[in-house]
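Written out below as structure tokens is the structure these notes cover.
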Amino acid sequence: MHLLEVENLTKRFGGLTAVGNLSFYVDAGEIFGIIGPNGAGKTTLFNLITGYLKPDSGKIRLNGEDITGLPPHKIANKGLARTFQIVRPFRHLPTIANIIVALNSPRGKKKIEWIKTAERKAMEMLEDVGLSEMMLEPAENLSHGDLKRLEIARAMALEPDIVLLDEPFGGLSPIETEYMVKSIQRMHLDGYTIVIVEHKLQALMRLIKKVMVIHYGEKIAEGTPEEIAENQKVIEVYLGKAI
Amino acid sequence: MVVKYLRKAYTNFATYIYDIPPRMLALLLIMIFALLPMTRALDSSTLMMLRDASVMAILAASWDLLVGRTGQMSLGHALFIGIGGYSSALLFMHFGWPVWMVIPVSMLAGAVVALLIGLPCLRVKGSYLALLTLAFPLLLERAVYYFRDVTKAEEGIPPPPRLPAFFQGLIRLDARIAEYYLTLSLMVISAIILYKIANSKRGMVFVSILDDELASKACGINVTNYKLLAFVISGLFASLSGCVAVYISSFANPSFFGIRWSVLPLVVTIFGGIGTIYGPIVGTYIYYFLDMYVFRKIINISEWHYFGLTWEYATFLIFILIVIIFILKWPRGIARAVVEKLEDLEEARPIEELEQKMAKAD
Chain C
47 MHLLEVENLT KRFGGLTAVG NLSFYVDAGE IFGIIGPNGA GKTTLFNLIT
97 GYLKPDSGKI RLNGEDITGL PPHKIANKGL ARTFQIVRPF RHLPTIANII
147 VALNSPRGKK KIEWIKTAER KAMEMLEDVG LSEMMLEPAE NLSHGDLKRL
197 EIARAMALEP DIVLLDEPFG GLSPIETEYM VKSIQRMHLD GYTIVIVEHK
247 LQALMRLIKK VMVIHYGEKI AEGTPEEIAE NQKVIEVYLG KAI
Chain B
209 MVVKYLRKAY TNFATYIYDI PPRMLALLLI MIFALLPMTR ALDSSTLMML
259 RDASVMAILA ASWDLLVGRT GQMSLGHALF IGIGGYSSAL LFMHFGWPVW
309 MVIPVSMLAG AVVALLIGLP CLRVKGSYLA LLTLAFPLLL ERAVYYFRDV
359 TKAEEGIPPP PRLPAFFQGL IRLDARIAEY YLTLSLMVIS AIILYKIANS
409 KRGMVFVSIL DDELASKACG INVTNYKLLA FVISGLFASL SGCVAVYISS
459 FANPSFFGIR WSVLPLVVTI FGGIGTIYGP IVGTYIYYFL DMYVFRKIIN
509 ISEWHYFGLT WEYATFLIFI LIVIIFILKW PRGIARAVVE KLEDLEEARP
559 IEELEQKMAK AD
């Protein structure tokens, strides 16, 4: 049994097939990459898996349990957390309260002994991503890089079985990217299963063992980074056909 | 033993109130309000004004929890004034229930109504939600006229025995002063409860819905349930306000559903500071104060009949103009501006002390 299994997933917007007949699986403890050019349907795929969009057909299974078509908050409570491509912090709340919101969910509560430890737990999460100094600042005062890390800390507060990161390196400076790579590596060492959608291939390729390439909503290749880099079809998709 | 207890009480006071300037200010204000009637400086009309302000402050604070904290726009809080008012008046008229039973039951009625209208209302968002909530008090106002054998329509339901009679017997007080103390204490208790709810760990979820609903869902929060919860809590306290209003105004009449009670919380909340809970309370008192001592002096009440406006609406319009001028300078509300100033002072204090120490060392 795989941790996350996607089977023949299809989503159409009018005449456009955003995701077509896509199947893949992720095993526990893996870092799985999903790449593809702009408009390939990567974010749509994420939204389908996390329940923000309902698929037209196909099945999604988490730990062998069918989660197709469940509302987002139920999926999150079953142990599938996500971050957003464009950061979505709770701007009016202090940084630490952003984490406490996630600890308010049924899953967050089950994992900790509420009242007493919620704040301590939230502080630990912030320390992990290096935001403990900004603890009491309203989230609107944080820089873009800090917000990216806050997003990840918030997803991790649910102690999920699997985390879906939507472009974690988007808009980051080289130093911040390096920091983010280290954070993700540490999450991996802690035993979390991670799925990453990304454009910055250089940073991504150092992290992952297995990668899937999608183009116009269809899977065109899957394999190790080395195999993908030599795949003729992938090169065509990214760079265009040789004349 | 007693000394130990007192010392502990003092330490608690020093840590949780004395060292936090905004809380100290709130405590001082409450004490001033509590002592005011004893100085005999207030005439009966001022006492009535403060009494009405206290009742409407509960309404405004409950509105702020729903709109300012959770971001669910409501333009129909008059609904709860009406529900609270009519349910308590009807319960008394038909069953003769005593005050202490009527108030909790009317509050519950308000909460149930909030739940019932929350279920369909929360399917829509933003301005659509505002328009939908706007409709409910208007509907019920019509219903009051329609079922005139039960509600007696514009005639109103005759006065239940005055609420303070309940207290007056205990501590021989003038009726006006008793009403004043009663409404003031209800307001302080409701305000503290609402403030505690808004700033609890669970209350942070409300703000997260205001900020970003999609992200709250990603955090595993059942957004619909929390919105309903905010609706119910708000309805509970708003109907308390309506319930007390009927006891002090002594007639439950269709004007309880009037649009004025829907707009008043909005205006005073923006004036005082939206999303603060204390802001709308401060705003309400300022509005009632200005209304009595300024607007009514300017406008000759008996002669005001231009544009078919009653003087009540006219003074309200002047207040709205003043609010518009104020939010140009303090867009986040005047009460919030004051509190933020105080907090800045508090943050600045340790540095000054440090500087003094360094100066001494030199």
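Residue numbers (my numbering), protein chains in the order written: chain C, 47 to 289; chain B, 209 to 570. Note that beta-carbon positions come from the ideal geometry of N, C-alpha and C, so glycine has one too.
- Here C:M258 carries a strand assignment [DSSP, helix/strand/coil].
- In summary, C:A275 is exposed, with fewer than 16 beta-carbon neighbours lying within 10 Å of its beta-carbon over all protein chains present.
- Less than 7 Å divides the Cβ of B:I289 from the Cβ of B:F464.
- Closer than 7 Å to the CB of B:S282 there is not a single CB belonging to chain C.
- Residue-level contact check: C:V147 touches chain B, since one or more beta carbons of chain B fall below 7 Å from its beta carbon.
- Here DSSP, grouped into helix, strand and coil, assigns C:V243 to strand.
- Around the CB of C:H119, 16 or more other CB atoms lie within 10 Å, so the residue is classed as buried.
- Approximately 3 Å separates the beta-carbon atoms of B:G292 and B:G450; this is inside 8 Å, confirming the contact.
- Each residue's CA atom was taken as its position, placing C:E272 and C:I81 some 14 Å apart.
- C:Y238 sits away from C:V257, with the two beta carbons spaced by 7 Å or more.
- One finds H119 in chain C with Cβ atoms closer than 8 Å to the Cβ of B:V431, taken in chain order.
- Nearest neighbour of C:I240 by Cα position, chosen from C:G217, C:S219, C:A201 and C:Q248, turns out to be C:A201.
- One finds nothing in chain B with a Cβ atom closer than 9 Å to the Cβ of C:G269; even the nearest lies about 30 Å away.
- Restricting attention to alpha helix (DSSP H) runs no shorter than 4 residues, the segment 98-123 of chain C encloses them at 118-123, ordered along the chain.
- For C:F136, at least one C-beta of chain B is nearer than 7 Å to its own C-beta.
- Of all residues in the segment 402-425 of chain B, only K409, R410, M412, V413, V415, S416, L418, D419, D420, L422, A423, S424 and K425 place a beta-carbon less than 8 Å from a beta-carbon of chain C.
- Using a C-beta cut-off of 8 Å, the segment 186-203 of chain C makes no contact with the segment 105-116 of chain C, since fewer than three inter-stretch Cβ pairs fall below that distance.
- If the five residues before and after C:G125 are omitted, its C-beta is found closer than 6 Å to the C-beta atoms of P206 and D207, all from its own chain and listed in chain order.
- C:N150 is classed as buried because its beta carbon has at least 16 other beta carbons within 10 Å across all chains shown.
- In the three-state reduction of the DSSP assignment, C:L62 falls in the strand class, which pools E and B.
- A contact between stretches requires three or more CB pairs, one per stretch, nearer than 8 Å, and the segment 254-262 of chain B fails this requirement with the segment 404-421 of chain B.
- DSSP places C:F70 in the strand class (E or B) of the three-state scheme.
- Comparing C-alpha distances from B:F445 to each of B:L402, B:V476 and B:R410 shows the shortest one belongs to B:L402.
- Chain order gives the chain B residues near C:F130 as L422, A423 and A426, where near means a beta carbon separation below 8 Å.
- Residues of chain B with a Cβ closer than 7 Å to the Cβ of C:R195 do not exist, since the nearest Cβ in that chain sits about 15 Å away.
- A check of alpha carbon separations from B:F241 across B:V490, B:C329, B:S408 and B:V307 identifies B:V490 as the nearest.
- As the crow flies, the alpha-carbon of C:A143 is around 20 Å from that of B:D272.
- According to the DSSP secondary-structure assignment, C:E268 is paired through a beta bridge with C:M258.
- Between B:D382 and C:R134, the gap from beta carbon to beta carbon reaches 7 Å or more.
- In the three-state DSSP reduction, C:P140 falls in the strand class (E or B).
- Rounded to whole angstroms, the separation of the alpha carbons of B:R356 and C:L99 is 50 Å.
- Residue environment: C:F136 is assigned as buried (16 or more neighbouring CB atoms within 10 Å of its CB, all protein chains considered).
- C:A199 and C:G176 have their C-alpha atoms roughly 10 Å apart.
- Judged by beta-carbon spacing, B:D499 lies within the 7 Å limit of B:T523, meaning their Cβ atoms are closer than that value.
- A straight-line Cα-Cα distance of about 18 Å links B:N430 and C:F130.
- Here the alpha carbons of B:G481 and B:I494 stand approximately 13 Å from one another.
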